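Asks:
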Amino acid sequence: MVVFPNCKINLGLQILDQRPDGYHNLETVFYPVPLKDALEAIRNPDPHPTEALLFSQSGLPVSGDAAANLCVKAWHLLKKDFPDLPPLRLHLHKLIPMGAGLGGGSADGAFTLNLLNQLFGLQLSAEQRIGYALQLGSDCPFFILNRPCFARGRGELLDPLPLSLRGWHLVLVNPGIHISTAWAFTALKQSRTAGRSLQLREAILQPPDQWRGLIRNDFEPLVLQAHPELNHLLNSLYDAGAVYAAMSGSGSTFFGLFRTAPDRLPGFPPHWMLKILAAEF
Ligand code: C5P
Numbered sequence: 020m021v022v023f024p025n026c027k028i029n030l031g032l033q034i035l036d037q038r039p040d041g042y043h044n045l046e047t048v049f050y051p052v053p054l055k056d057a058l059e060a061i062r063n064p065d066p067h068p069t070e071a072l073l074f075s076q077s078g079l080p081v082s083g084d085a086a087a088n089l090c091v092k093a094w095h096l097l098k099k100d101f102p103d104l105p106p107l108r109l110h111l112h113k114l115i116p117m118g119a120g121l122g123g124g125s126a127d128g129a130f131t132l133n134l135l136n137q138l139f140g141l142q143l144s145a146e147q148r149i150g151y152a153l154q155l156g157s158d159c160p161f162f163i164l165n166r167p168c169f170a171r172g173r174g175e176l177l178d179p180l181p182l183s184l185r186g187w188h189l190v191l192v193n194p195g196i197h198i199s200t201a202w203a204f205t206a207l208k209q210s211r212t213a214g215r216s217l218q219l220r221e222a223i224l225q226p227p228d229q230w231r232g233l234i235r236n237d238f239e240p241l242v243l244q245a246h247p248e249l250n251h252l253l254n255s256l257y258d259a260g261a262v263y264a265a266m267s268g269s270g271s272t273f274f275g276l277f278r279t280a281p282d283r284l285p286g287f288p289p290h291w292m293l294k295i296l297a298a299e300f
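Using our numbering, read the sequence shown as starting at 20 and increasing by one per residue.
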């Protein structure tokens, strides 16, 4: 079985407060974006393999130990509760940039849960899969539903939204700076800007050309402060005709929504830019 985990952008991201468990309550809107990895699972024909899971990767190089990969963690999570899962080979082909605020790793983990559920007929409900996904990471539950959602809590309290960007062009700009989410939350705590609440849930249902000034990402000023060279990026997206431009998640990918996508962004290398066609969006 082959599945294609897609990424997401955050349309607005507000950090509300820190919780007793150390995580932060937040509000955001997750929107699925058709830039995809590929994940293939086949039953291992060897009935007695040395390892119950054989995991391999290709595509963009992934730093760190394979055991830390969310696909592998997802398999272990289910294997604990379903010890009879048969031996499996899992291959991940990575195309979504990492540490980029696009949730690629989270998508891989969540899609692994959905894939195992389907391949082995585990009959887990969406609610149960969301429970497993939250054990993998705060952004994972969204990918179980994988439709535009207003999210609260750590990101797992999901309300689907009647929001469609079909007809718009999305330009993703990935400057290749790896940002750790844990770093972003720590920097935010030190900047003490959290807690101001805009009505994101209402604002996001306004037409996109009214979002500028209405919808913000609390991580954006921190990332711009740490990487001043990115300041020019937002202006450049607006100069190129974006009706709304912002950073996704904890960065460092920025995106712009356009009626007509520009050919290039002056001052930025073309390979930083990825255009998503309206028909797919
Ligand atoms: O859940 P996830 O593993 O993606 O979180 C990475 C880190 O980001 C956590 O260890 C925590 O420091 C921070 N975080 C947070 N509040 C959230 C999500 C993440 O503090 N809602």
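Glycine residues also receive a C-beta, built at the ideal position from the N, C-alpha and C atoms.
If you're wondering where the values come from, they're calculated on a predicted model, not measured in any experiment.
1. Nearest-angstrom Cα distance between residue 251 and residue 67?
2. Using 7 Å as the threshold, is the C-beta distance between residue 135 and residue 97 below it?
3. Any heavy atom of ligand 1 closer than 6 Å to the Cβ of residue 43?
4. Could you name the residues of the same chain whose beta carbon sits closer than 6 Å to that of residue 165, not counting the 5 residues immediately before and after it, in chain order?
5. Return the bridge partner residues of residue 92 from the DSSP annotation.
6. Using 10 angstroms around the beta-carbon of residue 129, count the other beta-carbons present and answer buried if the total reaches 16, otherwise exposed.
7. Taking residue 33 as part of the beta strand (DSSP E), name the residues at either end of that continuous run.
8. When the distance is taken between beta carbons, is residue 29 closer than 7 Å to residue 47?
9. At what residue ranges does the segment 195-280 contain a whole run of the alpha helix (DSSP H), taking only runs of 4 or more?
10. What do you get for residue 292, buried or exposed, if any count of 16 or more other CB atoms within 10 angstroms of its CB means buried?
11. Please determine whether the Cβ atom of residue 82 lies at a distance below 6 Å from any heavy atom of ligand 1.
12. Considering only DSSP beta bridges, list what residue 78 is partnered with.
13. Assuming contact is defined by CB atoms lying nearer than 7 Å, are residue 173 and residue 163 in contact in what I supplied?
14. To the nearest angstrom, report how far apart residue 312 and residue 257 are at their CA atoms.
15. Label residue 27 either buried or exposed according to how many other C-beta atoms from any shown protein chain fall within 10 Å of its C-beta, with 16 as the threshold for buried.
16. Quick check: residue 261 and residue 277, are their CB atoms within less than 7 Å of each other?
17. Counting C-beta neighbours from all protein chains within 10 Å, is the total for residue 115 16 or more, i.e. buried, or is it exposed?
18. Under 7 Å Cβ to Cβ from residue 63, same chain only, skipping five residues before and after it: list those, please.
19. Among 85, 77, 151, which has the Cα closest to the Cα of residue 99?
20. Just checking residue 283 against ligand 1 - is the residue's beta carbon closer than 6 Å to any of the ligand's heavy atoms?
21. Starting from residue 151, trace the alpha helix (DSSP H) in both directions and tell me its first and last residue.
22. How far does the alpha helix (DSSP H) with residue 160 in it reach, from first residue to last?
23. Can you tell me whether residue 113 is buried or exposed, with buried defined as 16 or more other CB within 10 angstroms of its CB?
Replies: Let me lay it out:
1. 56 Å
2. In this structure, residue 135 places its C-beta atom within 7 Å of the C-beta atom of residue 97.
3. yes
4. 51
5. Paired residues: none, contrary to the question.
6. buried
7. Membership of residue 33 in the beta strand (DSSP E) is indicated by the continuous run 25-37.
8. yes
9. 200-210, 219-222, 239-245, 250-258
10. Residue 292 comes out buried.
11. no
12. As computed with DSSP, residue 78 is found in a beta bridge with 113.
13. No, the pair does not count as a contact, with Cβ atoms beyond the cut-off.
14. The structure shown does not extend to residue 312, since the chain is modelled only from 20 to 300, so the question has no answer here.
15. buried
16. yes
17. buried
18. 73, 106, 107, 108
19. It is 151.
20. no
21. Its alpha helix (DSSP H) spans residues 145-155.
22. 159-164
23. Residue burial annotation: residue 113 is buried, with at least 16 other C-beta atoms found within 10 angstroms of its C-beta.
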